[in-house]
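Trainee: As they're listed, the protein sequences go chains A and B.
Number 50 in the working numbering belongs to position 50 of the first sequence; there are no gaps in the numbering.
Number 544 in the working numbering belongs to position 124 of the second sequence; there are no gaps in the numbering.
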Amino acid sequence: MMRSATVSLQPQISSALDVDKIRADFPILNIKVGDNPLIYLDNAASSQMPQTVINRLVKYQTEQHANIHRAVHYLSEVATREYHQARCMLQQFIHAREEREVIFTSGTTDAINLVMHGYGRKFLQAGDEIILTTLEHHSNIVPWQMLAAEKGIKIRVVPINDRGELELDIYKKLFNSHTKFVGLIHVSNALGTINPIKEMIDFAHQHNVPVLIDGAQAALHMVINVQELDCDFYTFSGHKMCGPTGIGILYGKANLLEAMQPFKGGGDMITSVTFEETIYNEIPHKFEAGTPPIAAAIGFGAAIDYLTSIGIDRIGNYESELLNYATELVSAIPGVKIIGTAKHKTAVLSFTVDGIHPHDIGTILNQEGIAVRTGHHCAQPVMQYFSVPATSRASFAFYNKKTEIDALAAGIRTVQKVFQ
Amino acid sequence: MTHTNSLYQEVILDHNKKPRNYGKLEQPSHQATGHNPLCGDRLDITLHIHDDQINAIAFQGESCAICKASASLMTTAVKGKSPSQAEILIHEFRELATGKLDINNPHQLGRLTVFSGIRDLPTRVKCAILPWHTLHAALNSIAAVSTETNKNSTTSANSNPA
Chain A
1 MMRSATVSLQ PQISSALDVD KIRADFPILN IKVGDNPLIY LDNAASSQMP QTVINRLVKY
61 QTEQHANIHR AVHYLSEVAT REYHQARCML QQFIHAREER EVIFTSGTTD AINLVMHGYG
121 RKFLQAGDEI ILTTLEHHSN IVPWQMLAAE KGIKIRVVPI NDRGELELDI YKKLFNSHTK
181 FVGLIHVSNA LGTINPIKEM IDFAHQHNVP VLIDGAQAAL HMVINVQELD CDFYTFSGHK
241 MCGPTGIGIL YGKANLLEAM QPFKGGGDMI TSVTFEETIY NEIPHKFEAG TPPIAAAIGF
301 GAAIDYLTSI GIDRIGNYES ELLNYATELV SAIPGVKIIG TAKHKTAVLS FTVDGIHPHD
361 IGTILNQEGI AVRTGHHCAQ PVMQYFSVPA TSRASFAFYN KKTEIDALAA GIRTVQKVFQ
Chain B
421 MTHTNSLYQE VILDHNKKPR NYGKLEQPSH QATGHNPLCG DRLDITLHIH DDQINAIAFQ
481 GESCAICKAS ASLMTTAVKG KSPSQAEILI HEFRELATGK LDINNPHQLG RLTVFSGIRD
541 LPTRVKCAIL PWHTLHAALN SIAAVSTETN KNSTTSANSN PA
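(1) For the putative contact between phenylalanine 351/A and isoleucine 338/A, defined by C-beta atoms under 8 Å, what is the C-beta separation to the nearest angstrom?
(2) Please report the distance separating the alpha-carbon of arginine 440/B from that of threonine 496/B.
(3) Determine the contact status of threonine 179/A and histidine 207/A, defining contact as a CB-CB distance below 9 Å.
(4) So what does DSSP say about asparagine 580/B, is it helix, strand or coil?
(5) Determine the direct distance from the alpha carbon of histidine 455/B to that of proline 210/A, and round the result to whole angstroms.
(6) Taking 9 Å as the CB-CB limit, is threonine 52/A close to chain B?
(7) Under the rule that 16 or more other beta-carbon atoms within 10 Å means buried, what is serine 309/A, buried or exposed?
(8) Tell me the DSSP secondary structure of leucine 191/A in three-state form.
(9) Threshold first: 4 residues or longer. Then list the alpha helix (DSSP H) segments lying entirely within the segment 305-380 of chain A, N to C.
(10) Which whole runs of the alpha helix (DSSP H) in the segment 61-126 of chain A are 4 residues long or more, in chain order?
(11) Within 10 Å of its beta-carbon, does isoleucine 131/A have 16 or more other beta-carbons around it, so buried, or fewer, so exposed?
(12) Could you run through the segment 352-370 of chain A and flag, in chain order, every residue whose CB is less than 8 Å away from some CB of chain B?
(13) For threonine 543/B, name the three-state secondary structure that DSSP assigns.
(14) Does the segment 91-99 of chain A come close enough to the segment 146-154 of chain A that 3 or more CB-CB pairs lie under 8 Å?
(15) Residues of chain A with CB under 7 Å from glycine 454/B, in chain order?
(16) Whole angstroms are fine: how far does the CA of glutamine 384/A sit from the CA of aspartate 313/A?
(17) Taking C-alpha atoms, which residue in Thr567/B, Ser449/B and Gly460/B lies nearest to serine 472/B?
(18) Can glycine 192/A and leucine 90/A be called in contact, C-beta distance under 9 Å?
(19) Do you know whose CA, among Val115/A, Ala24/A and Thr245/A, lies nearest glycine 301/A's CA?
(20) In the structure shown, what three-state DSSP assignment does threonine 567/B receive?
(21) Using a Cβ-Cβ cut-off of 9 Å, state whether lysine 438/B counts as contacting chain A.
(22) What do you get for proline 334/A, buried or exposed, if any count of 16 or more other CB atoms within 10 angstroms of its CB means buried?
(23) Ordered along the chain, which non-local residues of its own chain (more than five positions away) have a Cβ less than 7 Å from that of arginine 56/A?
(24) What first and last residue would you give for the alpha helix (DSSP H) that runs through serine 561/B?
(25) Please state the DSSP three-state secondary structure of tyrosine 385/A.
(26) Taking the C-alpha atoms as reference points, what is the distance between threonine 567/B and leucine 427/B?
(27) When you compare the CB positions of serine 320/A and alanine 347/A, do they come within less than 9 Å of one another, or not?
(28) Is proline 503/B helix, strand or coil when you go by DSSP?
(29) Return the chain-ordered list of same chain residues with a C-beta closer than 8 Å to the C-beta of glutamine 380/A, the five sequence neighbours on each side being excluded.
(30) At what residues does the beta strand (DSSP E) containing aspartate 214/A begin and finish?
(31) Does the segment 402-419 of chain A come close enough to the segment 520-531 of chain B that 3 or more CB-CB pairs lie under 8 Å?
(32) Whose CA, out of Cys378/A, Ala390/A and Gly362/A, lies closest to the CA of tyrosine 40/A?
(33) For alanine 394/A and serine 536/B, I'd like the C-alpha separation in whole angstroms.
(34) Measure the beta-carbon distance from alanine 409/A to leucine 349/A and round it to whole angstroms, keeping in mind my assumption that it falls under 8 Å.
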């Protein structure tokens with residue numbers, strides 16, 4: 001190698017991720033699709049699980065399983081303790097004030113439905129207004145439409161611009177004396193847009209309106225501090241954060257959760273039951289009727305542990321690098337249009353290819369071993385804004401490599417060749 | 421091209437690029453709209469049926485290559501046939517796409533067997549079947565069908581049998 005007299009200015013960043021080392025943590029990344037190695041670029045739909053989390057699930061089922069909060073025997077005590085520990089880890093992860101502000105749900109959808117039933121049905125009434133945004137996932141639209149139909153509530157929608165960013169001026173103009181609730185997606189699943197939620201929460205609070213944040217696409221990619229954000233509710237799912245399916249959390253401010261009515265009735269959510277009267281349990285138990293997904297919650301805790309050991313900031317920084325690389329490479333392909341070009345984005349690349357339907361793109365990429373999502377991404381209002389029935393979406397995680405993005409770009413060119 | 425693109429064969433690519441019988445018939449005797457809510461694909465089929473014969477058929481809509489090629493090939497296959505002959509093809513094509521048809525046994529699908537590879541792609545089966553599903557609806561005077569409901573919408577049957 002030639003030695004240069006000038007000192008290399010490329011710093012050795014100690015915080016850079018060792019991607020090969022991280023990939024070794026994920027056994028599924030070794031599988032093949034047909035003859036090709038798997039290139040998994042559908043992380044916004046669901047992320048993969050590291051061996052440590054798989055091991056944790058096995059350990060729980062092998063050595064620790066029993067029902068919680070019930071019996072005095074050894075296993076029940078262990079399971080109860082581990083389940084509680086998982087809640088504490090989630091509390092710390094989102095910087096909540098108290099652990100009882102963290103409710104385990106089956107996922108983000110379940111959490112939003114909980115708020116709709118527990119808060120919306122109790123406190124909202126005919127003539128009230130709810131503000132949502134064009135970027136919402138269907139899970140933060142449909143429950144509110146159900147409430148609106150039941151109560152006679154009006155839903156007002158914050159529009160987006162051509163880059164897929166919310167129109168904040170219009171958001172602020174939507175508030176009036178009838179506004180009683182705001183539902184807001186932190187990061188768009190279809191486009192990757194990161195919304196300025198702090199500013200939006202502050203503005204809503206000036207009007208004494210509580211805000212629910214759908215953080216399903218955010219929590220793996222950026223540090224969440226619910227106290228700094230001052231959001232009233234925040235929710236995300238375990239399976240998008242290297243944890244199991246069937247588990248998620250709802251964070252809610254304790255005073256709000258206490259004032260709310262339960263969503264589901266059953267065991268564990270009560271203090272006493274007679275046929276004349278039932279007294280509900282304290283939070284968080286009031287909202288966790290029945291036997292919860294104990295194993296999944298403990299697995300979620302293990303995933304949080306894993307992610308924290310890598311560092312959410314480092315994950316976010318590396319994914320930004322991947323996004324920049326992918327954006328440059330894919331947008332350079334003639335006939336390819338990137339949908340969603342917000343200034344602040346997570347590593348999501350939604351795109352269309354001239355004259356080729358996303359499903360054909362997805363099928364041919366799959367034949368190359370590349371997993372992308374094609375369709376409307378449960379965000380039809382976003383598709384309608386951009387006048388496309390569907391897009392192809394590559395979404396990157398911290399275990400993806402630049403060579404996989406090279407393969408994606410090559411795959412898109414192959415698709416174009418097929419349809420030449 | 422790799423073997424993996426066996427589904428996207430010349431015939432299918434050709435019919436995608438130059439769909440036959442594309443458009444809408446004036447004053448059709450039968451028509452239906454098919455919809456696949458999973459991908460947003462939409463297909464309108466119009467027919468002229470006279471003396472128990474499909475004299476003319478046309479389709480148009482927004483869809484993927486598989487759906488468009490399937491529709492195009494379907495129109496060429498059923499033109500000139502009777503509705504009951506078309507129903508046999510509809511049945512056989514559905515069986516083919518879902519992997520239930522043994523193509524070594526006698527059948528009437530002819531070159532429609534280019535779609536046999538679709539059975540290995542469960543997520544795409546509906547793309548290939550949508551036109552046939554829609555044709556079935558048109559022949560049976562059902563105005564709108566969806567790949568996601570078993571119950572066909574009969575709210576506005578749109579048939580004017582000649």
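Here a beta-carbon is modelled for each residue, glycine too, at the ideal position from N, C-alpha and C.
Mentor: Concretely, from the data shown:
(1) As a position in the first sequence, residue 351/A is number 351, starting the count at 1. As a position in the first sequence, residue 338/A is number 338, starting the count at 1. At roughly 5 Å, the Cβ-Cβ gap stays under 8 Å, so phenylalanine 351/A and isoleucine 338/A are in contact.
(2) Locating residue 440/B in the second sequence gives position 20, counting from the first residue. Locating residue 496/B in the second sequence gives position 76, counting from the first residue. Just so you know, the alpha carbons of arginine 440/B and threonine 496/B end up roughly 7 Å apart.
(3) The residue you call residue 179/A lines up with position 179 of the first sequence. The residue you call residue 207/A lines up with position 207 of the first sequence. Taking C-beta atoms as the reference points, threonine 179/A and histidine 207/A count as a pair closer than 9 Å.
(4) Position 160 of the second sequence holds residue 580/B. Note that asparagine 580/B scores a pLDDT of 41, beneath 50, so its modelled location is shaky and nothing firm can be said.
(5) Position 210 of the first sequence, counting from 1, holds the residue named residue 210/A. Position 35 of the second sequence, counting from 1, holds the residue named residue 455/B. In a straight line, the C-alpha of proline 210/A is about 39 Å away from that of histidine 455/B.
(6) Within the first sequence, the letter at position 52 stands for residue 52/A. By this cut-off, threonine 52/A is not an interface position.
(7) As a working note, residue 309/A is residue 309 in the first sequence. Within 10 angstroms of the beta-carbon of serine 309/A lie fewer than 16 other beta-carbons, which makes it exposed.
(8) By 1-based counting over the first sequence, the position of residue 191/A is 191. Coil.
(9) As far as the segment 305-380 of chain A is concerned, its whole alpha helix (DSSP H) runs of at least 4 residues are 312-331 and 358-367.
(10) The DSSP assignment places complete alpha helix (DSSP H) segments of no fewer than 4 residues inside the segment 61-126 of chain A at 74-94 and 108-115, in order along the chain.
(11) For the purposes of this step, residue 131/A is taken as residue 131 along the first sequence, with counting starting at 1. So isoleucine 131/A ends up on the buried side.
(12) The segment 352-370 of chain A vs chain B, Cβ under 8 Å: Ile356, His357, Pro358, His359, Asp360, Thr363, Ile364, Gln367 and Glu368.
(13) In the second sequence, residue 543/B corresponds to position 123, counting from 1. Note: threonine 543/B maps to helix in three-state DSSP.
(14) Touching, no.
(15) Taking the second sequence and counting its residues from 1, the one referred to as residue 454/B is at position 34. Per Cβ cutoff of 7 Å: no residues; glycine 454/B is ~14 Å from chain A at best.
(16) Position 313 of the first sequence, counted from the start, is the residue given in the question as residue 313/A. Position 384 of the first sequence, counted from the start, is the residue given in the question as residue 384/A. Distance between the alpha carbons of aspartate 313/A and glutamine 384/A is about 34 Å.
(17) What you label residue 472/B is simply residue 52 of the second sequence in a count that begins at 1. For clarity, residue 472/B is aspartate in the given sequence; the question names serine instead. The residue with the shortest Cα to Cα distance from aspartate 472/B is Ser449/B.
(18) For the purposes of this step, residue 192/A is taken as residue 192 along the first sequence, with counting starting at 1. For the purposes of this step, residue 90/A is taken as residue 90 along the first sequence, with counting starting at 1. Going by C-beta atoms, glycine 192/A is not nearer than 9 Å to leucine 90/A.
(19) The residue you call residue 301/A lines up with position 301 of the first sequence. Among Val115/A, Ala24/A and Thr245/A, the Cα nearest to that of glycine 301/A is on Thr245/A.
(20) Locating residue 567/B in the second sequence gives position 147, counting from the first residue. DSSP places threonine 567/B in coil when its eight states are reduced to three.
(21) As a working note, residue 438/B is residue 18 in the second sequence. Chain A, which has no Cβ nearer than 9 Å to the Cβ of lysine 438/B, makes this no.
(22) In the first sequence, residue 334/A corresponds to position 334, counting from 1. Exposed, since its Cβ has fewer than 16 Cβ neighbours within 10 Å.
(23) The count along the first sequence starts at 1 and reaches residue 56/A at position 56. Contacts found: Ile298, Gly299 and Ala302.
(24) Translated into positions along the second sequence, residue 561/B becomes position 141. For serine 561/B, there is no enclosing alpha helix (DSSP H), since its DSSP letter is neither H nor E.
(25) In the first sequence, the residue the question calls residue 385/A occupies position 385. Here tyrosine 385/A sits in helix by DSSP.
(26) Taking the second sequence and counting its residues from 1, one reaches residue 567/B at position 147. Taking the second sequence and counting its residues from 1, one reaches residue 427/B at position 7. Rounded to whole angstroms, threonine 567/B to leucine 427/B spans 21 Å at the Cα level.
(27) Stepping through the first sequence from its first residue, residue 320/A is reached at position 320. Stepping through the first sequence from its first residue, residue 347/A is reached at position 347. Cβ atoms of serine 320/A and alanine 347/A: closer than 9 Å.
(28) For the purposes of this step, residue 503/B is identified with residue 83 of the second sequence, where counting begins at 1. DSSP places proline 503/B in helix when its eight states are reduced to three.
(29) Position 380 of the first sequence, counting from 1, holds the residue named residue 380/A. Correct list, in chain order: His138.
(30) In the first sequence, the residue the question calls residue 214/A occupies position 214. 211-214 is the span of the beta strand (DSSP E), which, as asked, contains aspartate 214/A.
(31) At 8 Å Cβ cutoff, the stretches do not touch.
(32) Translated into positions along the first sequence, residue 40/A becomes position 40. For the residues Cys378/A, Ala390/A and Gly362/A, the minimum Cα distance to tyrosine 40/A belongs to Gly362/A.
(33) Position 394 of the first sequence holds residue 394/A. Position 116 of the second sequence holds residue 536/B. One C-alpha to the other measures close to 29 Å.
(34) Within the first sequence, residue 409/A is the residue found at index 409, counting from 1. Within the first sequence, residue 349/A is the residue found at index 349, counting from 1. Approximately 11 Å separates the beta-carbon atoms of alanine 409/A and leucine 349/A; this is outside 8 Å, ruling out the contact.
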